[in-house]
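Read top to bottom, the protein sequences are chains A and B. Going by UniProt numbering, the first residue of the first sequence is number 1, and it counts up by one from there. Going by UniProt numbering, the first residue of the second sequence is number 1, and it counts up by one from there. Presented below is the structure to which this report refers.
Number of protein chains: 2
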Amino acid sequence: MLNETHDPALRSWVASANLENCDFPIQNLPFAVIRRTASSEPWRGGVAIGDQVVDMAAVTAAQLFAGRAAEAAALAAQPTLNALMAAGPELWSALRLALSRALRESAAEQSALAPLLIAQAELDYALPCTIGDYTDFYSSIHHATAVGLLFRPDNPLLPNYKWVPIGYHGRSSSIDVSGQTFRRPNGQTKAADADAPTLGPCKRLDHELEMGVFIGTGNTLGEPISIDDAEQHVFGLCLFNDWSARDIQAWEYQPLGPFLAKNFASTVSPWIVTQEALAPFRVPFTRASDDPQPLPYLSSAANSAHGNYSVELEVQLQTAKMASAGEPATTLSRSNFRHSYWTVAQMIAHHTVNGCNLRPGDLLGSGTQSGPTHPEAGSLLELTRGGKQPITLPNGEQRLFIEDGDTLVLTGYCQVDGARRIGFGEVRSTVLPAPPVN
Amino acid sequence: MLNETHDPALRSWVASANLENCDFPIQNLPFAVIRRTASSEPWRGGVAIGDQVVDMAAVTAAQLFAGRAAEAAALAAQPTLNALMAAGPELWSALRLALSRALRESAAEQSALAPLLIAQAELDYALPCTIGDYTDFYSSIHHATAVGLLFRPDNPLLPNYKWVPIGYHGRSSSIDVSGQTFRRPNGQTKAADADAPTLGPCKRLDHELEMGVFIGTGNTLGEPISIDDAEQHVFGLCLFNDWSARDIQAWEYQPLGPFLAKNFASTVSPWIVTQEALAPFRVPFTRASDDPQPLPYLSSAANSAHGNYSVELEVQLQTAKMASAGEPATTLSRSNFRHSYWTVAQMIAHHTVNGCNLRPGDLLGSGTQSGPTHPEAGSLLELTRGGKQPITLPNGEQRLFIEDGDTLVLTGYCQVDGARRIGFGEVRSTVLPAPPVN
Numbered sequence: 001m002l003n004e005t006h007d008p009a010l011r012s013w014v015a016s017a018n019l020e021n022c023d024f025p026i027q028n029l030p031f032a033v034i035r036r037t038a039s040s041e042p043w044r045g046g047v048a049i050g051d052q053v054v055d056m057a058a059v060t061a062a063q064l065f066a067g068r069a070a071e072a073a074a075l076a077a078q079p080t081l082n083a084l085m086a087a088g089p090e091l092w093s094a095l096r097l098a099l100s101r102a103l104r105e106s107a108a109e110q111s112a113l114a115p116l117l118i119a120q121a122e123l124d125y126a127l128p129c130t131i132g133d134y135t136d137f138y139s140s141i142h143h144a145t146a147v148g149l150l151f152r153p154d155n156p157l158l159p160n161y162k163w164v165p166i167g168y169h170g171r172s173s174s175i176d177v178s179g180q181t182f183r184r185p186n187g188q189t190k191a192a193d194a195d196a197p198t199l200g201p202c203k204r205l206d207h208e209l210e211m212g213v214f215i216g217t218g219n220t221l222g223e224p225i226s227i228d229d230a231e232q233h234v235f236g237l238c239l240f241n242d243w244s245a246r247d248i249q250a251w252e253y254q255p256l257g258p259f260l261a262k263n264f265a266s267t268v269s270p271w272i273v274t275q276e277a278l279a280p281f282r283v284p285f286t287r288a289s290d291d292p293q294p295l296p297y298l299s300s301a302a303n304s305a306h307g308n309y310s311v312e313l314e315v316q317l318q319t320a321k322m323a324s325a326g327e328p329a330t331t332l333s334r335s336n337f338r339h340s341y342w343t344v345a346q347m348i349a350h351h352t353v354n355g356c357n358l359r360p361g362d363l364l365g366s367g368t369q370s371g372p373t374h375p376e377a378g379s380l381l382e383l384t385r386g387g388k389q390p391i392t393l394p395n396g397e398q399r400l401f402i403e404d405g406d407t408l409v410l411t412g413y414c415q416v417d418g419a420r421r422i423g424f425g426e427v428r429s430t431v432l433p434a435p436p437v438n
Numbered sequence: 001m002l003n004e005t006h007d008p009a010l011r012s013w014v015a016s017a018n019l020e021n022c023d024f025p026i027q028n029l030p031f032a033v034i035r036r037t038a039s040s041e042p043w044r045g046g047v048a049i050g051d052q053v054v055d056m057a058a059v060t061a062a063q064l065f066a067g068r069a070a071e072a073a074a075l076a077a078q079p080t081l082n083a084l085m086a087a088g089p090e091l092w093s094a095l096r097l098a099l100s101r102a103l104r105e106s107a108a109e110q111s112a113l114a115p116l117l118i119a120q121a122e123l124d125y126a127l128p129c130t131i132g133d134y135t136d137f138y139s140s141i142h143h144a145t146a147v148g149l150l151f152r153p154d155n156p157l158l159p160n161y162k163w164v165p166i167g168y169h170g171r172s173s174s175i176d177v178s179g180q181t182f183r184r185p186n187g188q189t190k191a192a193d194a195d196a197p198t199l200g201p202c203k204r205l206d207h208e209l210e211m212g213v214f215i216g217t218g219n220t221l222g223e224p225i226s227i228d229d230a231e232q233h234v235f236g237l238c239l240f241n242d243w244s245a246r247d248i249q250a251w252e253y254q255p256l257g258p259f260l261a262k263n264f265a266s267t268v269s270p271w272i273v274t275q276e277a278l279a280p281f282r283v284p285f286t287r288a289s290d291d292p293q294p295l296p297y298l299s300s301a302a303n304s305a306h307g308n309y310s311v312e313l314e315v316q317l318q319t320a321k322m323a324s325a326g327e328p329a330t331t332l333s334r335s336n337f338r339h340s341y342w343t344v345a346q347m348i349a350h351h352t353v354n355g356c357n358l359r360p361g362d363l364l365g366s367g368t369q370s371g372p373t374h375p376e377a378g379s380l381l382e383l384t385r386g387g388k389q390p391i392t393l394p395n396g397e398q399r400l401f402i403e404d405g406d407t408l409v410l411t412g413y414c415q416v417d418g419a420r421r422i423g424f425g426e427v428r429s430t431v432l433p434a435p436p437v438n
């Protein structure tokens, strides 16, 4: 539902927010958890505007807002956003409207609010919330088919794929915010011709280009969320790199799924773009004419009309050699979240149809968002066709998989006619060498 | 390592603790989180002794202990045990020793401590801690083989089983404490001869007889826990019923493992028996001569000498009809945790070998603990040979799987020559009818 906060003509008195390619114009207003770099300040929520951040603790202390917006601002001032997430769409909207009005050109609040901004360049970010449970879906049929082809050449797309929004539980403890550095995992692998497995550093380390979905209000155990209500439970979306060890996965994943191949590191962007900010960028959910229609609990008119999100996604790589030479990151692939075979609402309706309870701050990963053509693949496993066709980088280096010192950067933005472009910022992580094996 | 707290000759001034088959003699001293039934008292830690509980908040307020024991007691007085779990073995041992001395016959503390006991019959229990992440292992080779035979008759035990302590991530949010009631899950299933799946109530609802392992001190991301150090990270063990929907699982589990088949409910016992209390009941970890030896990171002299735990386990069922008639629960099967193919130390070393971080309060499930013979199976799936051979109960009712109104009770105890028997109490849960499908 579009409202005055989406008006593409709105401009902010924060000049940087009005620049054409700025990720954080006044129409966006995403949330993060912030404090000044290298300080021991308390963590608190912040809202991006241009190259600045509105410090929600300062806004609350200054009593800038009234009513429900003030209530929401106080929740956003906490060290995690869980309480704000739990508060529900009415409070989220009230705060968004108050911020939008206070940040507009000629707003009466400008003189009071301007001193409460902090430059993004001066900030550190924390995980935006305590993530109780993390679930990873598998919603790109292009990814599922391409990967299936490598693991099961005779049976790439399993019979359940077009009926079940396939998902599995992941690990919360190893999720960190953009800037994460992590050691290459050691693990068991077994060569096809070997008698026994060995322990050693992962040789097929890979990124996964995903969107993350942060749950707002939860549900009670035993009470499913219907597809019609599902989006009321979505606080917002972020960028998400779900690091994967392909060789460890191949040996361990039968019969209970990926485990150590996935739980050593996953990185989220600091900024959560709210569901409300994404309203102008919704696109239809469709099925090819020869595909089955989803079961009734996964179907609704609203889901068909605008169940998907159009988010342009990009993966960039900067090797250690490139960084030393001062060369920028280079693009590995581009895709779009609109290709997802299952929508976020379907994921939520499916996740809870058995009564499973979601809690504020829970994270759903979309699964790797590969597009329909090969260059749109969201992982190196696909881009290099199973580690067989190396990618040549602009400086002549080659990659089959991620090497030590490589930095991966995911970015995303939304752009359609008639709306102001908004962006997700970036999520960045760097791989360090594996620790020695005992 | 045995110490004075394990002395089988110790007796308590709490008379009920000295009864022969009492689960909670002075040699046990397990932890739970308690408050008076139907009260709004704060939750706090408690330690079982006989049919009483030592109220750790009252102990702390009364300043009964000094030094490290007092420090630990204050942590145990909190509404969750996470801080106590994080404090590490030295504090856990100090508190155990202080409690053991104060509860012994002729203890000087008797007059001060006696008024701080509450009868177990007057208490409610909460989850003992915030469970950050829950991981389920698959450590019974007898269960893996029996279930594999049903899902993959031509390939029951996969080639990785004897090398990899197979595990996968489960759901924290739906774990609750003994007394849990939950609605039968709805879910997608597909008959072999059907063109399409349908949504409806699970028809093959099953219990899983497991042990739960609560992690004490955690590890930093990127820093594996060696098998020699692993047991230093174990706070204690509990009983655990990991409810499963076999028909939902069969349709959804490829390629990423069980999801909705497992995340609708899991029940832990209120009492955590500490690792230290279990010292007299450790047994060797062995491998059949034609089985491979574990890789070095899963091997140690201590693990071979006493890596396993001997815990007698029992599953009981009370149907609604039995309950109405005042008939007690009937035994479905008995097993022992000593049959586990992988030890707790191996699970921890494996879980962290890739750098994955564990946090205080994390829960590891052992996987269903089926013994070597058919009557020792830890699930109905096995006992009824895939839902084909019904079990006849003493009142003439039959069961292939769990029906609405059924209550499952798991119990466990440790008994060896030369040690005082200790028990785990019980974990009890009741299945309610599924909600209507829209």
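Just so it is clear, CB atoms sit at the ideal spot from N, CA and C, and this is done for glycine as well.
Close-in-space but distant-in-sequence residues of the same chain around residue i (CB under 8 angstroms, 5 per side omitted)
i                      : result
residue 137 of chain B : 165, 166, 167, 342, 347, 364, 365, 366, 367
residue 191 of chain B : none
residue 67 of chain A  : 94
residue 424 of chain B : 23, 30, 237, 238, 239, 269, 271, 273, 311, 411, 412, 413
residue 157 of chain A : 141, 144, 145, 148
Nearest candidate by alpha-carbon position, reference residue i, set the options
i                      : options                    : result
residue 269 of chain B : B:12, B:240, B:261         : B:240
residue 440 of chain B : B:102, B:275, B:300, B:255 : What is shown of chain B runs 1 to 438, which leaves residue 440 of chain B out entirely.
residue 232 of chain B : B:157, B:23, B:370, B:86   : B:86
residue 430 of chain B : B:319, B:291, B:331, B:36  : B:319
residue 386 of chain B : B:400, B:396, B:375        : B:400
residue 56 of chain A  : A:402, A:185, A:73         : A:73
residue 210 of chain B : B:91, B:255, B:334         : B:334
residue 92 of chain A  : A:33, A:275, A:181         : A:275
residue 512 of chain A : A:277, A:163, A:195, A:212 : No information on residue 512 of chain A is available, as it lies outside the stretch 1 to 438 that chain A covers here.
residue 325 of chain A : A:315, A:235, A:396, A:250 : A:396
residue 32 of chain A  : A:193, A:88, A:134, A:214  : A:214
Distance CB(residue i)-CB(residue j) smaller than 9 angstroms
i                      : j                      : result
residue 172 of chain A : residue 132 of chain B : yes
residue 187 of chain A : residue 344 of chain B : no
residue 349 of chain B : residue 1 of chain B   : no
residue 296 of chain B : residue 287 of chain B : no
residue 104 of chain A : residue 10 of chain A  : yes
residue 177 of chain B : residue 126 of chain B : yes
residue 99 of chain A  : residue 52 of chain A  : no
residue 70 of chain B  : residue 120 of chain B : no
residue 361 of chain B : residue 169 of chain A : no
Distance between beta carbons of residue j and residue i, contact taken as under 8 angstroms
i                      : j                      : result
residue 285 of chain B : residue 307 of chain B : 3 angstroms
residue 248 of chain A : residue 261 of chain A : 4 angstroms
residue 4 of chain A   : residue 64 of chain A  : Incorrect: roughly 19 angstroms between the Cβ atoms, too far for contact.
residue 26 of chain A  : residue 12 of chain A  : 4 angstroms
residue 160 of chain B : residue 252 of chain A : 6 angstroms
Same chain only: Cβ atoms within 6 angstroms of residue i, ignoring 5 sequence neighbours per side
i                      : result
residue 426 of chain B : 409, 411
residue 80 of chain B  : 129, 130
residue 246 of chain B : 204, 206, 381
residue 435 of chain B : 183
residue 283 of chain B : 308, 310, 338
residue 139 of chain B : 340, 341, 342, 366, 367
Beta-carbon contacts of residue i that lie in its chain and below 7 angstroms, excluding the five residues immediately before and after
i                      : result
residue 146 of chain B : 370, 377, 382
(request) Name, going along the chain, the residues of the UniProt domain "Fumarylacetoacetase N-terminal" (27 to 128) of chain A whose beta-carbon falls closer than 7 angstroms to a beta-carbon of chain B. (result) Result list empty, no residue passes.
(request) Residues of the stretch 163 to 184 of chain A with a CB closer than 8 angstroms to any CB of chain B: list them in chain order, please. (result) For the stretch 163 to 184 of chain A, which is checked against every Cβ of chain B, the residues closer than 8 angstroms are 163, 164, 166, 167, 168, 169, 170, 171, 172, 173, 174, 176, 182, 183.
(message) Residues of the stretch 245 to 258 of chain A in Cβ contact with chain B at a cutoff of 9 angstroms, in chain order, please.
(response) Those residues of the stretch 245 to 258 of chain A that come within reach of chain B (Cβ to Cβ, closer than 9 angstroms) are 245, 248, 251, 252, 253, 254, 255, 256, 257, 258.
(request) Taking a Cβ distance cut-off of 8 angstroms, strictly less, list which residues of the stretch 347 to 364 of chain A are near chain B, in chain order. (result) Listed by position, the residues of the stretch 347 to 364 of chain A near chain B (Cβ gap below 8 angstroms) are 350, 351, 353, 354, 355, 356, 357, 358, 359, 362.
(request) Can you give me, in chain order, the residues of the stretch 189 to 209 of chain B that have a beta carbon less than 7 angstroms from any beta carbon in chain A? (result) Answer in chain order: 196, 197, 199.
(message) To be precise: take each residue of the stretch 276 to 295 of chain B, compare its Cβ to all Cβ atoms of chain A, and keep it if any distance is under 7 angstroms. Which residues remain?
(response) From the stretch 276 to 295 of chain B, only 292, 295 have a Cβ closer than 7 angstroms to chain A.
(message) Using a Cβ-Cβ cutoff of 7 angstroms, what residues of the stretch 129 to 145 of chain A are near chain B? List them in chain order.
(response) When CB distances to chain B are screened at a threshold of 7 angstroms, the residues of the stretch 129 to 145 of chain A falling below it are 132, 133, 138, in chain order.
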